[in-house]
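Right, one structure below, let's go through it.
Numbering (my numbering), first residue to last: 1 to 283.
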């Protein structure tokens with residue numbers, strides 16, 4: 001008899017995921033086999049179709065553990081929208097029976113709060129912030145910024161988001177030698193007001209533009225704040241049309257009157273996360 005695995009397809013602001021409850025250890029023990037399954041399940045022609053596969057697992061340190069694999073099968077430490085989705089999924093499966101708690105990821109312990117229409121998570125500390133460096137990519141000379149919000153992001157501010165060739169330019173940034181060997185995600189940002197930005201993201205591992213990226217809008221909102229463009233809470237308009245809200249605590253430098261990058265803490269990301277459908281897949 002063919003072995004099957006139950007899954008739930010979820011979307012978080014257009015970022016979509018295949019969710020699997022692996023608390024019973026139904027998934028293969030081999031990392032290579034899990035990677036292959038992620039590629040098959042995430043395939044939009046022959047699988048359920050998703051940006052990534054997320055496993056809900058048992059944890060000795062928190063309410064549960066999250067494992068995230070990109071559509072190409074690569075396993076990464078963090079996904080912001082995926083983290084919001086797994087918090088909702090954990091409640092739906094009965095893994096948690098409360099609205100607040102914490103869960104484990106390779107990037108650290110993540111807090112969560114389930115609301116009626118949204119999920120808010122607390123992200124790990126932002127690392128390796130770098131501002132205003134020059135970058136040559138796809139025939140363009142860019143002023144770029146960098147922040148690791150659980151995964152690496154390169155942030156580029158633009159005047160017109162619609163004219164940006166997100167895929168070709170994003171791919172050039174993603175594979176740039178400066179970020180080798182693991183590469184980086186690329187976020188293109190338009191400032192809309194002192195409290196709102198619009199973001200388009202090329203995601204590493206998906207190797208394409210996605211409708212939203214939680215860690216990407218977080219990096220964009222934080223860099224926008226440091227540069228004095230937008231102060232938190234920042235409303236982030238995604239390519240899919242949903243709004244993600246990024247908030248954080250900070251201190252102001254008494255001389256420059258700007259945010260001190262090293263003071264940024266208590267970073268949160270909030271937005272929608274809902275079930276699209278459930279199904280079973282032949283292993």
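The beta carbon of each residue, even a glycine, is placed where N, CA and C say it ideally should be.
Predicted model only: the values in this text are computed from it and were never measured.
With C-beta atoms as the reference, is residue i less than 8 Å away from residue j?
| i | j | result |
| --- | --- | --- |
| residue 194 | residue 231 | yes |
| residue 297 | residue 56 | Because the chain is modelled from 1 through 283, residue 297 falls outside the range shown and cannot be assessed. |
| residue 138 | residue 102 | no |
| residue 7 | residue 205 | no |
| residue 113 | residue 66 | no |
| residue 119 | residue 100 | no |
| residue 144 | residue 151 | no |
| residue 336 | residue 190 | Limits of the chain in this structure are 1 at one end and 283 at the other, which puts residue 336 out of reach. |
| residue 153 | residue 187 | yes |
| residue 85 | residue 17 | yes |
| residue 215 | residue 233 | no |
| residue 73 | residue 30 | no |
| residue 22 | residue 210 | no |
| residue 134 | residue 141 | yes |
| residue 199 | residue 172 | no |
Under three-state DSSP, which class holds residue i?
| i | result |
| --- | --- |
| residue 2 | coil |
| residue 126 | coil |
| residue 30 | coil |
| residue 40 | helix |
| residue 64 | coil |
| residue 35 | helix |
| residue 93 | helix |
| residue 108 | strand |
| residue 12 | strand |
| residue 264 | coil |
| residue 84 | helix |
| residue 248 | strand |
| residue 53 | strand |
| residue 114 | strand |
| residue 256 | coil |
| residue 278 | strand |
| residue 239 | coil |
| residue 132 | strand |
| residue 142 | strand |
| residue 269 | strand |
| residue 78 | coil |
| residue 58 | coil |
Quick check on this structure: which residue in the options has the alpha carbon closest to the alpha carbon of residue i?
| i | options | result |
| --- | --- | --- |
| residue 170 | 136, 263 and 275 | 136 |
| residue 269 | 60, 201, 79 and 106 | 79 |
| residue 213 | 189, 201 and 207 | 201 |
| residue 129 | 16, 86, 109 and 148 | 148 |
| residue 282 | 75, 46, 32 and 122 | 46 |
| residue 117 | 272, 226 and 277 | 272 |
| residue 123 | 218, 59, 16 and 233 | 218 |
| residue 224 | 196, 243, 203 and 75 | 196 |
| residue 260 | 173, 215, 222 and 28 | 222 |
| residue 90 | 216, 19 and 184 | 19 |
| residue 71 | 40, 242, 220 and 58 | 40 |
| residue 110 | 59, 199 and 241 | 59 |
| residue 248 | 266, 258, 10 and 262 | 266 |
| residue 277 | 2, 5 and 10 | 10 |
| residue 174 | 257, 199, 183 and 167 | 183 |
| residue 24 | 263, 229, 176 and 93 | 93 |
| residue 54 | 159, 61 and 37 | 37 |
| residue 158 | 275, 43 and 192 | 192 |
| residue 179 | 167, 146 and 165 | 146 |
| residue 264 | 61, 43, 125 and 75 | 125 |
| residue 229 | 257, 274 and 242 | 257 |
| residue 33 | 75, 177, 61 and 82 | 75 |
Does the ligand NAP have a heavy atom nearer than 7 Å to the CB of residue i?
| i | result |
| --- | --- |
| residue 100 | Among the components of this structure there are no ligands whatsoever, and the ligand NAP is therefore not found. |
If we count Cβ pairs, one from each stretch, closer than 8 Å, do we get three or more for the segment 42-54 versus the segment 226-243?
Verdict: no, contact absent.
Segments assigned beta strand (DSSP E), at least 3 residues, entirely inside the segment 150-231:
152-157, 185-193, 196-203 and 208-210
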